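**Student:** Here's a structure for you.
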Amino acid sequence: LKTTGNNKIRRIVILENVDKLGFDAQNAVLKTIEEPPIDTVILLTASSIGPVADTILSRVSQLQILPLGKQVSAKISGYTAEEFNKAHALSGGYAGSLISLLDSDDSHYIKKSVSAAKEYLSKTTYERLCSVDSISKDKQEIVQLLEGLERCLVAAIRATSSKNVASLITKLDYVDKAQLSLKRNVNSKLLLTALAANL
Numbered sequence: 126l127k128t129t130g131n132n133k134i135r136r137i138v139i140l141e142n143v144d145k146l147g148f149d150a151q152n153a154v155l156k157t158i159e160e161p162p163i164d165t166v167i168l169l170t171a172s173s174i175g176p177v178a179d180t181i182l183s184r185v186s187q188l189q190i191l192p193l194g195k196q197v198s199a200k201i202s203g204y205t206a207e208e209f210n211k212a213h214a215l216s217g218g219y220a221g222s223l224i225s226l227l228d229s230d231d232s233h234y235i236k237k238s239v240s241a242a243k244e245y246l247s248k249t250t251y252e253r254l255c256s257v258d259s260i261s262k263d264k265q266e267i268v269q270l271l272e273g274l275e276r277c278l279v280a281a282i283r284a285t286s287s288k289n290v291a292s293l294i295t296k297l298d299y300v301d302k303a304q305l306s307l308k309r310n311v312n313s314k315l316l317l318t319a320l321a322a323n324l
């Protein structure tokens with residue numbers, strides 16, 4: 126984002142998901158934040174600071190943004206309890222996603238990914254295995270499916286009794302492994318076959 130004029134701050138740069146950057150990319154970020162341009166503010170986002178290099182962490186001010194609890198979120202008016210509870214579960218309480226889900230139609234990315242995941246989970250193992258060929262042709266569809274599965278499973282873990290949690294955590298672990306494998310360019314058909322068999 127850039128403005129004209131003579132203000133002290135004329136440019137804001139947002140680097141998202143710094144925790145997902147590799148070693149070389151984090152070193153490039155480090156060089157930039159060590160000597161940033163005078164009129165620039167650089168914002169880095171990360172879901173977890175664990176993978177972020179200590180050298181980066183030592184040069185930035187950290188602001189932890191936590192999800193909103195249900196009681197705080199419930200103050201948002203104009204929605205039914207069912208709409209609100211569903212949006213809160215899918216957003217994990219993150220304000221931006223929560224508002225976006227409440228205000229959007231079914232074409233919202235999160236809603237589409239969750240809908241794809243629910244459809245996938247409703248199928249038998251055989252039907253999921255039969256769909257491997259068609260899903261594997263589109264990497265973006267795989268990403269969307271895995272993100273939807275992750276959201277559905279996390280929401281189910283939060284809402285379920287202790288008896289079923291172990292099974293859901295095991296399934297979530299398979300989804301996490303599939304996401305990691307996809308980033309490492311593992312064969313899509315093998316990834317989806319393993320996922321279909323283990324869910």
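This note's numbering numbers the first residue of the sequence shown as 126 and each following residue consecutively.
Heads up, the beta-carbon is just placed ideally off N, CA and C, and yes, glycines get one too.
Quantities reported herein were computed from a predicted structural model and do not represent experimental measurements.
Pop quiz: isoleucine 282 and leucine 297 are said to be a contact at Cβ under 8 Å. What is the actual Cβ separation, rounded to whole angstroms?
**Tutor:** 7 Å
**Student:** Assuming arginine 276 and isoleucine 235 form a contact by the criterion Cβ under 8 Å, report the distance between their Cβ atoms to the nearest whole angstrom.
**Tutor:** 7 Å
**Student:** Taking the beta strand (DSSP E) that isoleucine 294 belongs to, which residues open and close that run?
**Tutor:** No beta strand (DSSP E) contains isoleucine 294, which is instead part of the alpha helix (DSSP H) from 287-308.
**Student:** At which residue ranges does the stretch 210-279 contain complete beta strand (DSSP E) runs of 3 or more residues, listed in the order of the chain?
**Tutor:** DSSP runs (the beta strand (DSSP E)) wholly in the stretch 210-279: none.
**Student:** So the beta strand (DSSP E) valine 138 belongs to, where does it begin and stop?
**Tutor:** 136-140
**Student:** Please classify tyrosine 245 as buried or exposed, where buried requires at least 16 other C-beta atoms within 10 Å of its C-beta.
**Tutor:** Burial check for tyrosine 245: the Cβ neighbour count within 10 Å reaches 16 or more, so the residue is buried.
**Student:** Leaving out the 5 sequence neighbours to the left and right, which residues in its chain are closer than 6 Å to alanine 303 when beta-carbon positions are compared?
**Tutor:** Taken in chain order, the residues that qualify are Leu271, Leu316, Leu320.
**Student:** Could you have a look at leucine 193 and say whether DSSP puts it in helix, strand or coil?
**Tutor:** coil
**Student:** In whole angstroms, what is the alpha-carbon distance linking alanine 220 and leucine 293?
**Tutor:** One Cα belongs to alanine 220, the other to leucine 293, and the distance between them is close to 25 Å.
**Student:** With a 10 Å radius around its C-beta and 16 neighbouring C-beta atoms as the bar for buried, classify glycine 175 as buried or exposed.
**Tutor:** Glycine 175 is exposed by the Cβ-count criterion.
**Student:** Round the Cβ separation of isoleucine 181 and valine 154 to the nearest angstrom and send it over; I've been treating them as touching at under 8 Å.
**Tutor:** Yes, they are in contact, since the Cβ atoms of isoleucine 181 and valine 154 sit about 6 Å apart, within 8 Å.
**Student:** Should glycine 194 be labelled buried (16 or more other beta-carbon atoms within 10 Å of its own) or exposed?
**Tutor:** Under this definition glycine 194 is an exposed residue.
**Student:** Using the rule of at least 16 other Cβ atoms within 10 Å of the residue's Cβ for burial, across every protein chain shown, is alanine 291 buried or exposed?
**Tutor:** exposed
**Student:** Excluding the 5 residues flanking arginine 253 on each side, which residues of the same chain have their C-beta closer than 6 Å to its C-beta?
**Tutor:** Ala321
**Student:** Could you check where the beta strand (DSSP E) with leucine 146 kicks off and where it finishes?
**Tutor:** Segment: none, leucine 146 is in no beta strand (DSSP E) and carries neither H nor E.
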